[in-house]
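Here is the structure we will look at, set down as C-alpha cells.
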Amino acid sequence: MSGRPTAQGAINGKTKASLVTGSQVAQRHLQEFEWCQQRGDIGRSFSHLSLALCILPHLKTQYYTTYLEVFEDWIAKVEENNGFQESMTIFEVALNHYPDSPDLHHLLAKTLSR
C-alpha cells in the first residue's frame with residue numbers, strides 16, 4: 499500500500515459523483531451542434547452531431563434528416579475547399595453511421611460520377 503488515502507468507491511481517481519455519463523456527454527455534443535448550426539459553422543456542427551450519434555446510436559433515426567442536411571452542406575464545402583479525397587473521408591464517416599442509407603449511397607454515386 500502506498501499509504502495515500504483513497505476515496506471510497508473511486509474509479510480511476512474520480513469519485514462516482516464526479517463521473518460524467520455518456521448520455522451527458524452526448525447531450526453536450528447535441529447542444530454544441532445546435533450552437534454551431536446557429537452560427538453557420540457546418541464542419542463543427544457535423545462533428546458534434548456525429549460524436550453524439552456515436553455515443554447514443556439510438557438517436558440515429560430521430561436525427562437522420564438533420565444529419566443528411568448537414569452532411570450535404572458539409573460534403574459540398576469539403577469537396578470545394580479540400581478536394582475529392584477529403585470528401586471521401588467524410589463519406590466514410592457518414593456511411594459508418596448510416597450504412598444502409600439510400601440517400602447517402604445516392605450522394606456518393608453522384609459525387610463519384612463527377
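Here the numbering used here is used: position 56 in the sequence shown is 554, and no number is missing along the way.
Cβ atoms here follow ideal geometry from the backbone N, Cα and C, with glycine treated the same way.
Just so we're clear, the structure is a prediction, and the values are computed from it rather than from any experiment.
Within the region 560–607, complete alpha helix (DSSP H) segments of at least 4 residues are found at 582–595, given in chain order. Taking one beta carbon from each stretch, the region 526–545 and the region 564–575 have 3 or more pairs nearer than 8 Å; the two touch. Cβ contact annotation for A592 (same chain, cutoff 7 Å, sequence separation greater than five): F569 and L602, in chain order. One alpha carbon belongs to L547, the other to I588, and they sit about 13 Å apart.
Around the beta-carbon of L610, fewer than 16 other beta-carbon atoms lie within 10 Å, marking it exposed. When Cβ pairs closer than 8 Å are counted between the two stretches, the region 550–561 is seen not to touch the region 574–585, the count staying below three.
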